[in-house]
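Peer 1: Residue numbers (the UniProt record's numbering): 1 to 178.
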Amino acid sequence: MNIVLGVTGSIAAYKAADIISRLKKLGHNIDVILTESGSKIITPLTLQTLSKNKVYMDMFEEITPQEVKHISLAEKADLVLIAPATANIIGKIAHGIADDFLSTVVMAAANQAPIYIAPAMNTNMYENPIVQENIEKLKSLGYQFIEPKESMLACGTLGKGALADVDVIVDIVEGSMK
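1. If you draw a straight line from the C-alpha of I42 to the C-alpha of F60, how long is it?
2. If we ignore side chains and look at the alpha-carbon of each, how far apart do G96 and I71 end up?
3. In angstroms, rounded to a whole number, what distance separates the CA positions of I135 and I90?
4. In the DSSP assignment, find the beta strand (DSSP E) that holds Y126 and state where it starts and stops.
5. Starting from G159 and walking both ways along the beta strand (DSSP E), at which residues does that stretch end?
6. Find the nearest neighbour of K40 within the set K54, I11, D171, I146, judged by alpha-carbon distance.
7. Considering only the beta carbon of each residue, do A118 and A77 sit closer than 7 Å?
8. Which of the three DSSP states, helix, strand or coil, is assigned to P114?
9. Give the single residue among G6, P148, E133, A162 whose Cα lies nearest to the Cα of E36.
10. What is the rounded straight-line gap between the Cα of I19 and the Cα of L102?
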């Protein structure tokens, strides 16, 4: 299966390395899109080494003139997974904002591949009525959510908002193939 993995600027971005590693061991091809804020937490080199593919960050950097990469990646995707997903990317998608590589791929893939979103953020952010409204809107449009867990968060708060366990994420991706 061809999986497009979006990695955003949550502190949980480092867990993307484990997600990639486990999905690769299961035989999947992983194309990674790393947001600018995500690159402040985990490097493109780490994700490229694990995925064995170029990591995409800049939607205006075209690799070949014969294709528009954000469209060709969307068409190639059997599944799109955003893990971790920040309130920012959830809000962008919910409101049709496509202003970076990840959001443009999601917009282009939404009608042809399942999209799984695994939120990871502070409890207060996750429980914010605007974020919850955005999540409900996306669910009503067919987007799948992998619920965050309750845990001690990076900010020192105990609450819901931690990225789901990597095992849970990988199991859900695997289960979607059946």
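Ideal placement from N, C-alpha and C gives every residue a C-beta, glycine not left out.
Small disclaimer: the values here were computed from a predicted structure and weren't measured.
Peer 2: Result, derived from the coordinates:
1. For the purposes of this step, residue 42 is identified with residue 42 of the sequence shown, where counting begins at 1. For the purposes of this step, residue 60 is identified with residue 60 of the sequence shown, where counting begins at 1. The alpha-carbon atoms of I42 and F60 are separated by roughly 21 Å.
2. Position 96 of the sequence shown, counting from 1, holds the residue named residue 96. Position 71 of the sequence shown, counting from 1, holds the residue named residue 71. The alpha-carbon of G96 is positioned some 16 Å away from that of I71.
3. The residue labelled residue 135 in the question sits at position 135 within the sequence shown. The residue labelled residue 90 in the question sits at position 90 within the sequence shown. Inter-residue distance for I135 and I90 is about 7 Å (C-alpha atoms, whole angstroms).
4. Position 126 of the sequence shown holds residue 126. Looking at the DSSP string, Y126 is not in any beta strand (DSSP E); the run it does join, the alpha helix (DSSP H), is 123-126.
5. Stepping through the sequence shown from its first residue, residue 159 is reached at position 159. For G159, the enclosing beta strand (DSSP E) covers residues 158-162.
6. Translated into positions along the sequence shown, residue 40 becomes position 40. The residue with the shortest Cα to Cα distance from K40 is I11.
7. Looking up residue 118 in the sequence shown gives position 118. Looking up residue 77 in the sequence shown gives position 77. No, the Cβ-Cβ distance between A118 and A77 is not below 7 Å.
8. Translated into the one-based positions of the sequence shown, residue 114 becomes position 114. Coil.
9. Position 36 of the sequence shown, counted from the first residue, corresponds to residue 36. Taking only the C-alpha atoms, the option nearest E36 is G6.
10. For this step, residue 19 is matched to residue 19 along the sequence shown. For this step, residue 102 is matched to residue 102 along the sequence shown. Spanning the two alpha carbons is a distance of roughly 17 Å.
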